[in-house]
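Working notes, structure below.
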Amino acid sequence: MGNCNHEDGLSASQNPSFRPDAPVGESCNHFRKGVAFLVLGHYISCGYIGNLMDSNLEHIFDDAYWMEQALSEAEGAMEAGEVPVGAILVHGNEVIGRGRNQVEALQDPTAHAEMIAITSSVEALKSRRLTDTTLYVTLEPCPMCAGAIVLARIGRLVYGAWDPKAGACGTLMNLLAEPRLNHQPEVVGGVLADRCGEILSHFFQRLRASEPPGKRPPGTG
Ligand SMILES: [Zn+2]
């Protein structure tokens, strides 16, 4: 650091390089630090850094990020011997509800991942309307769950694999685009579809291998 005329918040006696007779604008570390703070202050005040942080958060918390969490629920279902379907409900950047298929454990044909996630979210938000939420589910919802999505006024549905046997959000029918119903959420299908489908294929392959010929596996919902 050369001699300079910048006090840099320090008194002349604390700044060992301070020289009141140095030329104004002399290039030194104090000067460069001052410029850096001015530039930083400008970017903060004009919103550039805030926007940069927001766009990075959007990148981090994208649909694939949340679908990974729904896949974790599906893996939990598989470990419990259930058809591996998982769901989470997100409000802002927060998970407010989770669910995994529990049809066998509860002996309840309505215990689909989406239904459990919706019920737990309603309890968390203390509201039966989930307008500003996004439901992430690893498998395209069936007619029952699509109906629950409409009733709960869920704003956005993101699903992974398509369901050729029961999909009611584009495959067999599309209840969520039905104009005669009073709510049509935004729908995105096929997010991490390969992995969401593979976990199901893997489960059914193992089930078939372990069961006597002729016995049918349980439905996927
Ligand atoms: Zn369902």
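Be aware that the sequence shown starts at 2, since it is given in the working numbering, and climbs by one per residue. Beta carbons are placed, not taken as given, at the ideal position from N, Cα and C, and that holds for glycine.
At the level of alpha carbons, what is the spacing between residue i and residue j?
i, j, result
"P85", "L131", "25 Å"
"N183", "H43", "48 Å"
"A194", "P213", "30 Å"
"R101", "Y137", "12 Å"
"H203", "E76", "11 Å"
"G222", "L126", "Since pLDDT at G222 reaches only 45, below the 50 mark, its modelled position is unreliable, and the value read off the structure follows with that caveat. Approximately 26 Å, taken between the alpha carbons."
"S71", "G168", "It should be noted that the sequence gives Ala, not Ser, for residue 71. Cα-Cα distance, rounded: 18 Å."
"H92", "V123", "12 Å"
"S128", "S211", "44 Å"
"A88", "D133", "17 Å"
"G171", "P186", "13 Å"
"I200", "M174", "24 Å"
"N79", "S73", "Reading off the sequence shown, one finds Met at residue 79, where the question assumed Asn. Taking the straight line joining both Cα atoms gives about 10 Å."
"V96", "R181", "31 Å"
"M68", "G98", "14 Å"
"F205", "A178", "31 Å"
"N94", "D63", "10 Å"
"V159", "V192", "7 Å"
"G82", "K166", "20 Å"
"Y66", "S121", "21 Å"
"L152", "I61", "30 Å"
With hydrogens ignored, establish whether the beta-carbon of residue i is closer than 6 Å to any heavy atom of ligand 1.
i, result
"H113", "yes"
"P85", "no"
"M174", "no"
"P142", "yes"
"C197", "no"
"M145", "yes"
Under a Cβ-count criterion, where at least 16 other Cβ atoms within 10 Å of its own Cβ denotes burial, should residue i be classed as buried or exposed?
i, result
"R207", "exposed"
"D164", "buried"
"V104", "buried"
"L39", "exposed"
"R209", "exposed"
"T111", "exposed"
"P142", "buried"
"M116", "buried"
"V189", "exposed"
"I150", "buried"
"A114", "buried"
If contacts are defined as beta-carbon pairs under 8 Å, then residue i and residue j qualify, I think. What distance do you get, rounded to the angstrom?
i, j, result
"P144", "L176", "6 Å"
"A162", "C197", "4 Å"
"I119", "L90", "7 Å"
"T135", "R154", "Not confirmed; about 12 Å, so no contact."
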